[in-house]
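Asker:
There are 2 protein chains.
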Amino acid sequence: MFILHPGSGIPLYRQVVEQVRRLVASGQLAEGAALPSVRELALEHAVNPMTISKAYSQLEAEGLLQRHRGKPMTVAGGQGSQASPSRRVRQIEPQALQLVAAARQLDLSPADLAALIDRSWRKKP
Amino acid sequence: MFILHPGSGIPLYRQVVEQVRRLVASGQLAEGAALPSVRELALEHAVNPMTISKAYSQLEAEGLLQRHRGKPMTVAGGQGSQASPSRRVRQIEPQALQLVAAARQLDLSPADLAALIDRSWRKKP
DNA sequence: CCTTGTGTATTAGCGTAGTAATACACATGT
DNA sequence: ACATGTGTATTACTACGCTAATACACAAGG
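As you go down the protein sequences, you meet chains H and V in turn.
The opening residue of the first sequence carries number 4 in this note's numbering; numbering runs sequentially from there.
The opening residue of the second sequence carries number 4 in this note's numbering; numbering runs sequentially from there.
1. Taking its Cβ as the centre, do 16 or more other Cβ atoms sit within 10 Å of alanine 99/V, making it buried, or is it exposed?
2. Which residues in the same chain have their Cβ closer than 6 Å to the Cβ of glutamate 63/V, if we skip the five residues on either side of it in sequence?
3. When you compare the CB positions of alanine 58/H and proline 52/H, do they come within less than 8 Å of one another, or not?
4. Any chance the segment 70-90 of chain V sits against the segment 22-32 of chain V, with 3 or more Cβ pairs inside 8 Å?
5. Distance, Cα to Cα, glutamine 85/V vs valine 103/V?
6. Any idea what DSSP makes of alanine 114/H, helix, strand or coil?
7. Consider the Cβ of proline 52/H: report whether some Cβ of chain V lies at a distance smaller than 8 Å.
8. Pick helix, strand or coil for methionine 76/V, following the three-state DSSP scheme.
9. Taking Cβ positions only, does isoleucine 95/V come closer than 8 Å to chain H?
10. Taking a cut of 8 Å between CB atoms, which residues from the segment 56-75 of chain V lie near chain H?
11. For serine 56/V, I'd like the list of residues in its chain whose CB is within less than 8 Å of its CB, leaving aside the five on either flank, ordered along the chain.
12. Which runs of the alpha helix (DSSP H) fall wholly inside the segment 27-103 of chain V and span at least 4 residues, in chain order?
13. For glycine 12/V, which residues in chain H fall below 9 Å Cβ to Cβ?
14. Using the Cα positions of glutamate 47/V and phenylalanine 5/V, report the straight-line distance between them to the nearest angstrom.
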């Protein structure tokens, strides 16, 4: 369900947080949907259960998830089934800006970058 | 000369390392060019000099920079004045893949992403 | 010689991320 | 009642990123 890169330098719990936020915003995790259990995710990615738990806790603090003792966490209500396109785009704007800045430092043209994006998209649809 | 984001979660020394690598690959830092001094960069970005020094040391270990005691570090020889386009593109491929993966999780279309990239590029050329 | 400019080594300390092992509270199904 | 499934609290420990203060070695110019 999630894609984790342990050696990327980005903390695992943050990778989980960001991916849940995106999946909820896009409606791929709809209101009321149950999330994978802490132990299941921990086992699948060879990660400590508490690392996942901390990610879930942060999302619950944000109001994005809801907890039910003894049962899996679910997507909280009031999110609307899907965020507006502009709201979704805004979630990856910082990453886009960072990529463009890097491309500029590499003296690449907009066309070079567009081609790279295009190729990356086709890599495993 | 460099753009640092202290609160981004990416270690500062790594931000410096990556940016130097890109500027050298693009030829914007040519062979023999002197780099900003450790203290100068540290002051400019309100960062500890040792943090910058560690970044430079890593780049020297990679053979990208050369040190001359008492004088500024310079770009080492043998880099060629500019790396080939495909080699430069490869430097940001991981970032591109990550951005595309995020866009997919947000259920955005290739056109949405292309528009975002385009807008980001125009933001401050 | 001396001052000012390089980069570096050393030592210490702080905060955060992640691991690890254990125990608890609750819901569900038998 | 009991076993099994949730998420959580607690505590201790390690590793890393960064800061801090100090001192050193060398080059260039006065």
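Here a beta-carbon is modelled for each residue, glycine too, at the ideal position from N, C-alpha and C.
Note that the coordinates shown come from a computational prediction; the quantities given were computed from them, not determined experimentally.
Answerer: Walking through what the data contain:
1. Translated into the one-based positions of the second sequence, residue 99/V becomes position 96. It counts as buried.
2. On the second sequence, residue 63/V is found 60 positions in, with the first residue counted as 1. Cβ neighbours of glutamate 63/V beyond the five flanking positions: Arg70.
3. Residue numbering aside, residue 58/H sits at position 55 when the first sequence is read from its first letter. Residue numbering aside, residue 52/H sits at position 49 when the first sequence is read from its first letter. No, the pair does not count as a contact, with Cβ atoms beyond the cut-off.
4. yes
5. Here residue 85/V refers to the residue found at position 82 of the second sequence. Here residue 103/V refers to the residue found at position 100 of the second sequence. Straight-line Cα distance between these residues: approximately 28 Å.
6. Numbered from its first residue, the first sequence carries residue 114/H at position 111. Alanine 114/H: helix per DSSP, three-state reduction.
7. For this step, residue 52/H is matched to residue 49 along the first sequence. No, its Cβ sits nowhere closer than 8 Å to a Cβ of chain V.
8. The sequence position of residue 76/V within the second sequence is 73, counting from 1. Three-state result, methionine 76/V: strand.
9. In the second sequence, the residue the question calls residue 95/V occupies position 92. Yes - at least one Cβ of chain H is within 8 Å of the one on isoleucine 95/V.
10. none
11. What you label residue 56/V is simply residue 53 of the second sequence in a count that begins at 1. For serine 56/V, where only same-chain residues beyond five positions count, the Cβ hits under 8 Å are Val41.
12. Entirely contained in the segment 27-103 of chain V, the alpha helix (DSSP H) runs reaching 4 residues are, in chain order, 41-47, 52-64, 88-94.
13. On the second sequence, position 9 is the one that residue 12/V refers to. Per Cβ cutoff of 9 Å: Gly12, Ile13, Pro14, Arg17.
14. For the purposes of this step, residue 47/V is taken as residue 44 along the second sequence, with counting starting at 1. For the purposes of this step, residue 5/V is taken as residue 2 along the second sequence, with counting starting at 1. Taking the straight line from one Cα to the other gives about 10 Å.
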